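For reference, each letter of the sequence shown is one residue, going 0 to 465 in numbering that gives the first Met the number 0. Ideal placement from N, C-alpha and C gives every residue a C-beta, glycine not left out. Keep in mind that this is a model prediction, so the values were computed, not measured. Scroll down for the structure; my scribbles are underneath it.
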Amino acid sequence: MHAMRLVLINPSNPLVSIVNIKESRWNRYRVWKPLSLMVLAGRTPPEWDLSIVDENLGVPDYERPPRPDLVGITAFTSQANRAYEVAAHFRRLGVPVVMGGIHATMCLEEVMERVDSVVTGEADGIWPQVLEDARHGHLKRRYDGGYADINDVRLARHDLLAGRYAFGAVQTTRGCPLNCSFCSVTAFNGARYRQRPVPDVVREFQSIREKHVLVVDDNLIGTRAEHIARAKDLFRAMAQADLRKEWIAQATINFADDEELLTLASKAGCRGVFIGFETPTPEGLRELGKKFNLLRDRDFGASVRRIQRHNMLVAGSFIIGLDVDQPGVGKCIAEVASRYGVDHLNVLFLTPLPGTRLWDQMKSEHRIALDAFPEDWKYYTLTYPVARYKHLSPGGVIEEMISCTRTFYSLPRIGQRMWSSLWHRRRPLISLLGNLSYRSNIRLDVKAYANFQRQRGNGHDGAGGV
Ligand code: B12
Ligand code: SF4
Numbered sequence: 000m001h002a003m004r005l006v007l008i009n010p011s012n013p014l015v016s017i018v019n020i021k022e023s024r025w026n027r028y029r030v031w032k033p034l035s036l037m038v039l040a041g042r043t044p045p046e047w048d049l050s051i052v053d054e055n056l057g058v059p060d061y062e063r064p065p066r067p068d069l070v071g072i073t074a075f076t077s078q079a080n081r082a083y084e085v086a087a088h089f090r091r092l093g094v095p096v097v098m099g100g101i102h103a104t105m106c107l108e109e110v111m112e113r114v115d116s117v118v119t120g121e122a123d124g125i126w127p128q129v130l131e132d133a134r135h136g137h138l139k140r141r142y143d144g145g146y147a148d149i150n151d152v153r154l155a156r157h158d159l160l161a162g163r164y165a166f167g168a169v170q171t172t173r174g175c176p177l178n179c180s181f182c183s184v185t186a187f188n189g190a191r192y193r194q195r196p197v198p199d200v201v202r203e204f205q206s207i208r209e210k211h212v213l214v215v216d217d218n219l220i221g222t223r224a225e226h227i228a229r230a231k232d233l234f235r236a237m238a239q240a241d242l243r244k245e246w247i248a249q250a251t252i253n254f255a256d257d258e259e260l261l262t263l264a265s266k267a268g269c270r271g272v273f274i275g276f277e278t279p280t281p282e283g284l285r286e287l288g289k290k291f292n293l294l295r296d297r298d299f300g301a302s303v304r305r306i307q308r309h310n311m312l313v314a315g316s317f318i319i320g321l322d323v324d325q326p327g328v329g330k331c332i333a334e335v336a337s338r339y340g341v342d343h344l345n346v347l348f349l350t351p352l353p354g355t356r357l358w359d360q361m362k363s364e365h366r367i368a369l370d371a372f373p374e375d376w377k378y379y380t381l382t383y384p385v386a387r388y389k390h391l392s393p394g395g396v397i398e399e400m401i402s403c404t405r406t407f408y409s410l411p412r413i414g415q416r417m418w419s420s421l422w423h424r425r426r427p428l429i430s431l432l433g434n435l436s437y438r439s440n441i442r443l444d445v446k447a448y449a450n451f452q453r454q455r456g457n458g459h460d461g462a463g464g465v
């Protein structure tokens, strides 16, 4: 009997400009490894002959032999359409297809209709069982991984996709207690913040070949004192292991509140953090349920400067399209982000993702404008306005987005940020590259919005606002 062949596939979404290397060479720095598939590979027994295909790097000829015995597909919601195309192709060839990940979990019925087997939740523990059943030709229609035992998350197979990306990827924690209305993390990974054992994380870092690494955790440091104590232990162990890696991560703004934490993070190789500010006003934060950012007396600008003093860049993330957002919100966000002093600004449209509180609310208010599913899932990249916004028409919300990024990434403002980085000797070159990359993507975004408006007739069903 030949070794069983398994192909794990990360489907592309051509609408996501960040993966479009041909359009802008800066995008090489924004193509990230599909860690989910590398984690599954780490759980795959050696008798399986395994390969990973990341369609973001190009689509291979799936007709070419040898034919796999099993295909596994991952998908965020925005990748669902392409996932179904790939699934249909292999099923036509008689190859069984199993799908897992966030979309399969949140839209179980839709996915069940299009693949042979669905794995919901974190698949770490259940995956060997799925493979065993597939080997015997007894795949079940559905498996549920629930929440994995965080002490038993195996090392991902970093060897499998080495050399083709600017960044490696690793995960050190799962779950988030904050449950913001727009985010699927609490619904998918649970409200309990689970931290992997420090020695496992250090060993995993050591197995990554790339010098630069994305730590994919939604919040690397957590929110409670014991989480932060563990984060410090991790950073100490990383510094002691002399990993010689430079990494970036996502964190909440409380990262700035502890000087020892900042010192240790920097020593461990942290060179930048993404921070979700989300919206400039307390009313907006209340609307999104991001109460954590509402703590009294928080001076965001001072917090950003404290992080930067430790030689770490800060990328601020904001959302446009809240019920409190009025015309002019785009410029307002650009001003506020400049005032906070962030090095990069990332702005996204408020998007109801399936499984979130925002989805339930918008659905009940008939505000989900792009709802021809599954086709419309391709627009759920947070870079298209898919909902009906309260005070902004579909064209209006796009104008706010363009005005926001054009203001923040205008050449004089980039110049000011460069001058400040040079003056404080804070990684001016990296910061400049990042700013230019974002700036060059504005052109792509404007083109993408024009196509979108042409296809969708400038505004979904023509309604302006709710
Ligand atoms: C890293 C990351 C990215 C990277 C992606 C790298 C990559 N290709 O994987 C980048 C920065 C490119 C990215 C982009 C986007 N992301 Co993102 N991202 C994440 C993040 C923070 C971590 C994902 C990760 O690596 N987790 C670690 C792995 C081990 O866990 P996992 O992916 O869940 O996989 C496990 C299970 O899901 C399951 N599983 C997964 N796949 C499969 C397949 C099979 C066959 C099986 C059996 C099981 C299985 O088993 C795995 C092991 O337990 C998550 C948040 C999160 N906590 O998941 C958001 C998240 C996945 N992203 C999200 C979104 C919205 C996006 C964007 C659409 C918008 C944006 N700008 O952020 C884009 C879309 C990109 C696209 N191609 O269309 C949402 C997705 C929600 C949804 N319903 O789709 C999430 C959940 C965050 C959120 N706020 O809600 N993202
Ligand atoms: S947005 Fe961040 S803080 Fe809020 S629930 Fe998601 S992961 Fe947690």
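8 Å contact criterion, which R195 and T171 should meet: CB distance rounded = In the sequence shown, the residue the question calls residue 195 occupies position 196. In the sequence shown, the residue the question calls residue 171 occupies position 172. Right, their Cβ atoms sit about 5 Å apart.
Express the C-alpha separation of F75 and K377 in angstroms, rounding to a whole number.
-> Along the sequence shown, read from residue 1 onward, the residue named residue 377 stands at position 378. Along the sequence shown, read from residue 1 onward, the residue named residue 75 stands at position 76. The alpha-carbon atoms of K377 and F75 are separated by roughly 10 Å.
From which residue to which residue does the alpha helix (DSSP H) around L435 run?
-> Here residue 435 is taken as the residue at index 436 of the sequence shown, counted from 1. That run of the alpha helix (DSSP H) goes 427–455.
Does any heavy atom of the ligand B12 sit closer than 8 Å to the C-beta of F187?
-> For the purposes of this step, residue 187 is taken as residue 188 along the sequence shown, with counting starting at 1. Yes, since a heavy atom of the ligand B12 falls inside the 8 Å radius drawn around the Cβ of F187.
With a threshold of 8 Å, establish whether the CB of L293 neighbours any heavy atom of the ligand NAD.
-> The ligand NAD is not part of the structure shown, which contains the ligand B12 and the ligand SF4 as its ligands.
What span of residues does the alpha helix (DSSP H) with H211 cover, start to end?
-> Numbered from its first residue, the sequence shown carries residue 211 at position 212. Run containing H211: none in the alpha helix (DSSP H); it sits in the beta strand (DSSP E), 211–214.
Using a Cβ-Cβ cut-off of 7 Å (strictly less than) and excluding sequence neighbours within five positions of N450, which residues of its own chain qualify?
-> Along the sequence shown, read from residue 1 onward, the residue named residue 450 stands at position 451. Here the set comprises nothing.
The ligand B12 heavy atom lying under 8 Å from the CB of G483 = Not covered by the structure: residue 483. The range shown for the chain is 0 to 465.
Euclidean distance between Cα positions of V6 and Y83 = Walking along the sequence shown from the start, residue 6 turns up at place 7. Walking along the sequence shown from the start, residue 83 turns up at place 84. Answer to the nearest angstrom: the Cα atoms are 15 Å apart.
What is the DSSP secondary structure of L107, counted as helix, strand or coil?
-> Your numbering for residue 107 matches position 108 in the sequence shown. Reduced to three states, the DSSP call for L107 is helix.
Kindly examine the ligand SF4 and report whether one of its heavy atoms sits closer than 8 Å to the Cβ of V272.
-> One-based indexing of the sequence shown puts residue 272 at position 273. Result no, Cβ not under 8 Å from the ligand SF4.
Straight-line CA distance for L347 to N188?
-> For the purposes of this step, residue 347 is taken as residue 348 along the sequence shown, with counting starting at 1. For the purposes of this step, residue 188 is taken as residue 189 along the sequence shown, with counting starting at 1. Their backbone Cα atoms lie some 22 Å apart in a straight line.
Which full runs of the beta strand (DSSP E) of 3+ residues lie inside the region 18–89, going along the chain?
-> 47–53, 69–73
C-beta atoms of F181 and I252 nearer than 9 Å | By 1-based counting over the sequence shown, the position of residue 181 is 182. By 1-based counting over the sequence shown, the position of residue 252 is 253. In this structure, I252 does not lie closer than 9 Å to F181 by Cβ.
In the DSSP assignment, what are the bridge partners of A230?
-> Taking the sequence shown and counting its residues from 1, the one referred to as residue 230 is at position 231. A230 is not bridged to any residue.
Are R163 and L56 closer than 9 Å when you measure CB to CB?
-> Here residue 163 refers to the residue found at position 164 of the sequence shown. Here residue 56 refers to the residue found at position 57 of the sequence shown. Taking 9 Å as the Cβ cut-off, R163 and L56 qualify as a contacting pair.
Proximity winner among L287, A250, A236, E277, relative to K266 (alpha-carbon distances) | Working through the sequence shown from its first residue, we reach residue 266 at position 267. For the residues L287, A250, A236, E277, the minimum Cα distance to K266 belongs to A236.
Return yes when the C-beta of C403 is under 8 Å from any heavy atom of the ligand B12, and no when it is not.
-> Translated into positions along the sequence shown, residue 403 becomes position 404. The answer is no for C403.
Same chain, Cβ closer than 7 Å to D216, neighbours up to 5 away in sequence not counted = Taking the first residue of the sequence shown as position 1, residue 216 is located at position 217. Same-chain partners within the cutoff: Q170, T171, T172, A248, Q249.
Which of helix, strand or coil does DSSP assign to G461?
-> Position 462 of the sequence shown holds residue 461. Unreliable positioning characterises G461 in this predicted model, as indicated by a pLDDT of 40, which lies under 50. The coordinate reading is nonetheless provided below. In this structure, G461 counts as coil in the three-state DSSP scheme.
For A447, is the classification buried or exposed, using 16 other Cβ atoms within 10 angstroms of its Cβ as the cut-off for buried?
-> Along the sequence shown, one-based indexing puts residue 447 at 448. Burial call: buried.
When the Cα atoms are used, what is the spatial distance from I319 to F273?
-> In the sequence shown, residue 319 corresponds to position 320, counting from 1. In the sequence shown, residue 273 corresponds to position 274, counting from 1. If you take the alpha carbons of I319 and F273, they lie about 17 Å apart.
If we ignore side chains and look at the alpha-carbon of each, how far apart do S16 and L381 end up?
-> Working through the sequence shown from its first residue, we reach residue 16 at position 17. Working through the sequence shown from its first residue, we reach residue 381 at position 382. Confidence at S16 is low in this model, with a pLDDT of 44, below 50, so its placement is unreliable and the value that follows should be read with caution. So the alpha carbons of these two residues sit roughly 12 Å apart.
Same chain, Cβ closer than 7 Å to N80, neighbours up to 5 away in sequence not counted = The residue given as residue 80 occupies position 81 in the sequence shown. If we look at N80 and ignore the five residues flanking it on each side, its Cβ neighbours are P373, E374, W376, K377.
DSSP three-state assignment for D143, whether helix, strand or coil | Counting from 1 along the sequence shown, the entry for residue 143 is found at position 144. Here D143 sits in strand by DSSP.
Closest by C-alpha distance to L293, when choosing among N310, G275, R134 | In the sequence shown, the residue the question calls residue 293 occupies position 294. Measuring from the Cα of L293, the nearest candidate turns out to be G275.
C-alpha gap between R416 and V30, whole angstroms | For the purposes of this step, residue 416 is taken as residue 417 along the sequence shown, with counting starting at 1. For the purposes of this step, residue 30 is taken as residue 31 along the sequence shown, with counting starting at 1. Rounded to the nearest angstrom, the two C-alpha atoms are 25 Å apart.
May I have the straight-line CA-CA distance separating R4 from V117, to the nearest angstrom?
-> On the sequence shown, position 5 is the one that residue 4 refers to. On the sequence shown, position 118 is the one that residue 117 refers to. Cα to Cα, the separation comes out at about 19 Å.
Between G283 and L321, is the Cβ-Cβ spacing less than 9 Å?
-> On the sequence shown, residue 283 is found 284 positions in, with the first residue counted as 1. On the sequence shown, residue 321 is found 322 positions in, with the first residue counted as 1. Cβ distance < 9 Å, so G283 and L321 count as in contact.
Compute the minimum distance between the beta carbon of R173 and the heavy atoms of the ligand B12, and state whether it is under 8 Å.
-> Translated into the one-based positions of the sequence shown, residue 173 becomes position 174. Yes, Cβ of R173 sits closer than 8 Å to a heavy atom of the ligand B12.
In three-state terms, what does DSSP make of A238?
-> For the purposes of this step, residue 238 is taken as the residue at position 239 of the sequence shown. Residue state, collapsed to three classes: helix.
Whole-number beta carbon distance between G124 and A505, since they are thought to touch under 8 Å | Outside the displayed span of the chain (0 to 465) sits residue 505, for which this structure offers no information.
Compare the beta carbon distance of R401 and V445 with 9 Å and say whether it is the shorter of the two.
-> Mapped onto the sequence shown, residue 401 falls at position 402. Mapped onto the sequence shown, residue 445 falls at position 446. The identity of residue 401 in the sequence shown is Ile, whereas the question assumes Arg. The answer is yes: Cβ separation under 9 Å.
State whether the region 417–424 contacts the region 352–361, with contact taken as three or more CB pairs (one from each stretch) at a distance under 8 Å.
-> no
Do D53 and V94 have their CB atoms nearer than 9 Å?
-> Your numbering for residue 53 matches position 54 in the sequence shown. Your numbering for residue 94 matches position 95 in the sequence shown. Their beta carbons are not under 9 Å apart, which means D53 does not touch V94 by this criterion.
Closest residue to I397 among Q205, K362, L349, L410 (Cα-Cα distance) | For the purposes of this step, residue 397 is identified with residue 398 of the sequence shown, where counting begins at 1. Nearest C-alpha to I397: L349.
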